[in-house]
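Those sequence lines, one after another, are chains H and Y.
Remember, the numbering used here sits 9 above the position in the first sequence when you count from 1.
Remember, the numbering used here sits 9 above the position in the second sequence when you count from 1.
Glycine is no exception: its CB is placed at the ideal position from the N, C-alpha and C atoms.
Notes to accompany the following structure.
2 protein chains.
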Amino acid sequence: MRLKTTTRVSVSAIRLRYLYEVVAAGSMRAASDKLGVAPSSVSRQVAQLEEELGLPLIEKGRREIALTEAGEMAVRYYRHQISEEEAFLSELEDLRGLRKGTVVLALGEGFVGQPLSAVLHEFTSRYPDMRLKIRLGGTNEVLRLVAEDEAHLGMALETPVDPKIRVWKAVPQPIKAIVSAKHPLGRKKKVTLTDLARYRLALPPRNFRIRQLIAQAEQKEGVFLTPAITSNSLLILKNFAQFEEGVTLLPELASIAETQAGTLRSIPISNEALSQTQVQIVLRVRRQLPAGVMRLLHLLEGYL
Amino acid sequence: MRLKTTTRVSVSAIRLRYLYEVVAAGSMRAASDKLGVAPSSVSRQVAQLEEELGLPLIEKGRREIALTEAGEMAVRYYRHQISEEEAFLSELEDLRGLRKGTVVLALGEGFVGQPLSAVLHEFTSRYPDMRLKIRLGGTNEVLRLVAEDEAHLGMALETPVDPKIRVWKAVPQPIKAIVSAKHPLGRKKKVTLTDLARYRLALPPRNFRIRQLIAQAEQKEGVFLTPAITSNSLLILKNFAQFEEGVTLLPELASIAETQAGTLRSIPISNEALSQTQVQIVLRVRRQLPAGVMRLLHLLEGYL
DNA sequence: TTATCTGTTGCGTTAAACGCACATAAGCCT
DNA sequence: AGGCTTATGTGCGTTTAACGCAACAGATAA
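See the structure below:
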């Protein structure tokens, strides 16, 4: 698409302003006082505006200035323009003061459910006019959104390396065995994959990063886990552990509320691939982030 | 009333424009080509705009430029501003091309009725988007309107001298005796006040300039006319002459349609004050008139 | 990695706006 | 009518903003 190539005529803002001040002050001298410039300058600018527009704006040859019809139009236009500008600047002020704006946060599957609610609640209440968009998706989806500037921030588990992605912060987030308090494994300090294989398991589907990490561990140890149940809902997985005496494998964060309440326990797994996983906050390399996003970023950092 | 003294911040138009062209062209270099300036200038203006607004507008450090949220707002604002400016300029264009505008014409009492309709019709049809305001009033009212710029032009009978009023054109417009074709005076070439005193008369009220001129003539000749009927409606006066065999005294113009049709006759009066009256087109001294007004002025000149 | 785009910065140049001083014109007052 | 006051318009030298050129640095693609 080719844009117009017409040379823009652009009515000089300063000249319009001078005209307006002249009318408001009632004379060029008064206007020049208010503007802090010499009267000659005012006179010239108004004259040049008339030349630009090709029409007389003030009726000359009299003591008090009086606008012509074109002058009235010009002043009306200027006033309108000013009010629009003020609206624009005030909008900008909101943005500068972090009061407005949109932050898009992409979350990996590890966070599906009601995670982060404390952080997000703090953010939305501290900046009530900021809109927060949360996009959920698999780890790869998160990366794509961040790489293509469709999301400002991403949080996901064990993100693969990508030249366009910068890992801002990574914190250990081992995948643990989640069981109910009454479960036989509940008293153990550590479990092996072999231990787990003896119990009924609930696991996420194969396209989930968690499941891929589990697969890596299975490969390495030669032990293969067969889930009794597969679900992309973390809640279902957790319910399976809590009410059906089963076991599920999740990052600690995903069940932190229940472990703190005592209804579930999270047991470390003695496998490197699972115990050394990290949750990562990612953004696009060299991307300039709006201030609001930085705030959320810091909140998330503190949370992890 | 004191106006605001806040120093206006005024977002630079050129910088906004450069920003806009940059995003439209996709790069600063392309924009500089289109704008016909060096790329360095574009870069600087955009940087200065960012400084003025206190916010980054484009995300730096990448090949293709991308706007920040503030940048989006700025471009949106600029586009809006441009469309407003175009509307303004096009309005102005109308004005310049005489297609639009308002002309205020003040008419004295001698023109009440349906006079000038040919001229006014020609004017309104030739400049269909020009608005024509006609204010009717006594001669003094006409002069006040013109003196105080509430009317562009005035037409009245025998206007008194006034330093603020300039007589643009004056044409003789004697006050004549108006009678029906069958009236005894209808055959005379000239009548005196004494002649008139013998018939039933219809005259305008005393606050009309016509009546004041008649009074001057009465004073001078020592003959006093007693009207059978007094009315501020020229139509009533003329009807009195036409259907009730009476006489009325009016400027020739006021009954020109009827005299041409032959239903009324206008007889000169042998009195200096009445036979030498003039109708005058007046305007304020040194007033600059819009082009549209000049056109009407010339049309009126031609008519008289 | 190199080649070639991009945006940025330093510095001398051009053009717009300015201030000062003075000329000119309009309105007011006697 | 004529002087007096006050306001706008003009010539000219000065200041400031925008510019062009050239060199540099960062980023993408081969």
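Of all the residues that make up the region 108-132 of chain Y, which are near chain H by a beta-carbon distance shorter than 8 Å? G110 and T111
In angstroms with no decimal places, state the Cα-to-Cα distance between Y:S264 and H:M37. Stepping through the second sequence from its first residue, residue 264 of chain Y is reached at position 255. Stepping through the first sequence from its first residue, residue 37 of chain H is reached at position 28. Roughly 50 Å separates the two Cα atoms.
Hey, is the region 136-147 of chain Y in contact with the region 221-241 of chain Y, meaning 3+ C-beta pairs nearer than 8 Å? no
Going along chain H, which residues have a C-beta under 7 Å from Y:K69? Taking the second sequence and counting its residues from 1, one reaches residue 69 of chain Y at position 60. Here the neighbours are Q297.
If Y:L58 and Y:R24 are in contact, beta carbons under 8 Å, what's the gap, nearest whole angstrom? In the second sequence, counting from the first residue as 1, residue 58 of chain Y sits at position 49. In the second sequence, counting from the first residue as 1, residue 24 of chain Y sits at position 15. About 4 Å separates the two Cβ atoms, so the contact holds.
Taking the CB atoms as reference points, tell me whether H:A300 and H:L222 lie closer together than 8 Å. Here residue 300 of chain H corresponds to residue number 291 of the first sequence, with the count starting at 1. Here residue 222 of chain H corresponds to residue number 213 of the first sequence, with the count starting at 1. A distance of 8 Å or more separates the beta carbons of H:A300 and H:L222.
So is H:E159 buried or exposed if we call it buried at 16+ other beta carbons inside 10 Å? Along the first sequence, one-based indexing puts residue 159 of chain H at 150. Answer is exposed; the Cβ neighbour count stays below 16.
Boundaries (first-last residue) of the beta strand (DSSP E) holding Y:V32: Position 23 of the second sequence, counted from the start, is the residue given in the question as residue 32 of chain Y. That residue, Y:V32, is in no beta strand (DSSP E); its alpha helix (DSSP H) goes A22 to A34.
Hey, how far is the Cα of Y:Y29 from the Cα of H:E61? Your numbering for residue 29 of chain Y matches position 20 in the second sequence. Your numbering for residue 61 of chain H matches position 52 in the first sequence. Counting only the Cα atoms, H:E61 lies some 23 Å from Y:Y29.
Neighbour flag for Y:L205 against chain H, beta carbons, 8 Å: Looking up residue 205 of chain Y in the second sequence gives position 196. It does not: the Cβ of Y:L205 has no partner Cβ on chain H nearer than 8 Å.
Answer yes or no: does any C-beta atom of chain Y fall closer than 8 Å to that of H:Q269? Counted from its first residue, the first sequence places residue 269 of chain H at position 260. Chain Y, which has no Cβ nearer than 8 Å to the Cβ of H:Q269, makes this no.
Distance between H:L308 and H:V128 (C-alpha atoms, nearest Å): Indexing the first sequence from 1 puts residue 128 of chain H at position 119. Indexing the first sequence from 1 puts residue 308 of chain H at position 299. When rounded, the distance between both Cα atoms is 7 Å.
6 Å Cβ shell around H:R105 - same chain, five flanking residues per side excluded: Translated into the one-based positions of the first sequence, residue 105 of chain H becomes position 96. Taken in chain order, the list of residues that qualify is empty.
So with CB distances below 9 Å, who are the chain Y contacts of H:D158? As a working mapping, residue 158 of chain H is identified with position 149 in the first sequence. E68 and A75, listed in chain order.
Tell me which residues of the region 90-101 of chain Y have at least one Cβ-Cβ distance to chain H shorter than 7 Å, keeping chain order. Q90, E93, E94, F97, L98, E100 and L101
Contacts of Y:A22 in chain H (Cβ-Cβ under 7 Å): Within the second sequence, numbered from 1, the residue matching residue 22 of chain Y stands at position 13. Under the 7 Å cutoff, chain H gives S19 and A22.
Count the other CB atoms within 10 Å of the CB of Y:N241; is the residue buried (16 or more) or exposed (fewer)? To locate residue 241 of chain Y, count along the second sequence from 1; it is residue 232. It counts as exposed.
Kindly give me the distance between the Cβ atoms of H:K165 and H:R218, rounded to whole angstroms, as I take these residues to be in contact under 8 Å. Your numbering for residue 165 of chain H matches position 156 in the first sequence. Your numbering for residue 218 of chain H matches position 209 in the first sequence. The amino acid occupying residue 165 of chain H in the given sequence is Ala; Lys does not appear at that position. For a cut-off of 8 Å, the C-beta gap from H:A165 to H:R218 is around 7 Å, short enough to register as a contact.
Within a Cβ cutoff of 8 Å, which residues of the same chain sit near H:E73, ignoring the five residues on either side of it in sequence? Locating residue 73 of chain H in the first sequence gives position 64, where the first residue counts as 1. Excluding sequence neighbours, H:E73 sits near G35 and S36.
Find out if the Cβ-Cβ distance for the pair H:A115, H:V155 is shorter than 8 Å. As a working note, residue 115 of chain H is residue 106 in the first sequence. As a working note, residue 155 of chain H is residue 146 in the first sequence. In this structure, H:V155 lies closer than 8 Å to H:A115 by Cβ.
Kindly list, in the order they appear in chain Y, the residues whose Cβ is closer than 7 Å to that of H:A79. To locate residue 79 of chain H, count along the first sequence from 1; it is residue 70. L101 and L104, listed in chain order.
Below 7 Å on C-beta distance, what does H:G63 contact in chain Y? In the first sequence, the residue the question calls residue 63 of chain H occupies position 54. R105, listed in chain order.
For H:T111, the nearest candidate out of Y:A266, Y:L107, Y:A79 and Y:L298 (CA to CA): Position 102 of the first sequence, counted from the first residue, corresponds to residue 111 of chain H. Comparing alpha-carbon positions, the option among Y:A266, Y:L107, Y:A79 and Y:L298 lying closest to H:T111 turns out to be Y:A79.
Grab the span of the beta strand (DSSP E) containing H:I187 for me, first residue to last. To locate residue 187 of chain H, count along the first sequence from 1; it is residue 178. In this chain, the beta strand (DSSP E) harbouring H:I187 covers I184 to S189.
Chain Y within 8 Å of H:M164, Cβ atoms only: Along the first sequence, read from residue 1 onward, the residue named residue 164 of chain H stands at position 155. False, the Cβ-Cβ gap to chain Y never drops below 8 Å.
Output, in sequence order along the chain, the residues in the region 31-46 of chain H whose CB is closer than 8 Å to any CB in chain Y. A33, A34 and K43
Selection from Y:L246, Y:A250, Y:T201 and Y:I238 that minimises the alpha carbon distance to Y:A226: As a first step, residue 226 of chain Y is located in the second sequence; it is residue number 217 there, counting from the start. For the residues Y:L246, Y:A250, Y:T201 and Y:I238, the minimum Cα distance to Y:A226 belongs to Y:T201.
Please name the residue, chosen from H:H161, H:A39, H:H130 and H:Q251, that lies closest to H:R295 on a Cα-to-Cα basis. Locating residue 295 of chain H in the first sequence gives position 286, where the first residue counts as 1. It is H:H161 whose Cα lies nearest to the Cα of H:R295.
By Cβ distance below 8 Å, which residues in the same chain neighbour Y:A179 in space, the five residues on each side in sequence not counted? Position 170 of the second sequence, counting from 1, holds the residue named residue 179 of chain Y. Excluding residues within five positions, the ones whose Cβ falls inside 8 Å are Q287, V288, Q289 and I290.
Any idea which residues DSSP pairs H:V112 with across the strands? Residue mapping note: residue 112 of chain H aligns to position 103 of the first sequence, counting from 1. The partner list for H:V112 (beta bridge, DSSP) reads H:L141.
Could you tell me whether any Cβ in chain Y is nearer than 8 Å to the Cβ of H:L12? As a working mapping, residue 12 of chain H is identified with position 3 in the first sequence. Note that H:L12 scores 32 on pLDDT, short of 50, meaning its location in the model is unreliable and no value can be drawn from it.
Proximity winner among H:P181, H:K43, H:K142 and H:T257, relative to H:R207 (alpha-carbon distances): Against the first sequence, residue 207 of chain H aligns to sequence position 198. Comparing Cα-Cα distances from H:R207 to each of H:P181, H:K43, H:K142 and H:T257, the minimum goes to H:T257.
Given this structure, state the Cα-to-Cα distance separating Y:E131 from Y:R108, to the nearest angstrom. Numbered from its first residue, the second sequence carries residue 131 of chain Y at position 122. Numbered from its first residue, the second sequence carries residue 108 of chain Y at position 99. Approximately 14 Å between the Cα atoms of the pair.
So, using beta-carbon positions, are Y:R293 and Y:K142 closer together than 8 Å? Your numbering for residue 293 of chain Y matches position 284 in the second sequence. Your numbering for residue 142 of chain Y matches position 133 in the second sequence. No.
Go ahead and label Y:T16 buried or exposed: buried means 16 or more other beta carbons lie within 10 angstroms of its beta carbon, across all protein chains shown. Taking the second sequence and counting its residues from 1, one reaches residue 16 of chain Y at position 7. For Y:T16, the predicted model reports a pLDDT of 44, less than 50, meaning its position is unreliable and no value from the coordinates is stated.
Provide the residue span of the beta strand (DSSP E) that contains H:Q289, from first to last. In the first sequence, residue 289 of chain H corresponds to position 280, counting from 1. For H:Q289, the enclosing beta strand (DSSP E) covers residues Q287 to R293.
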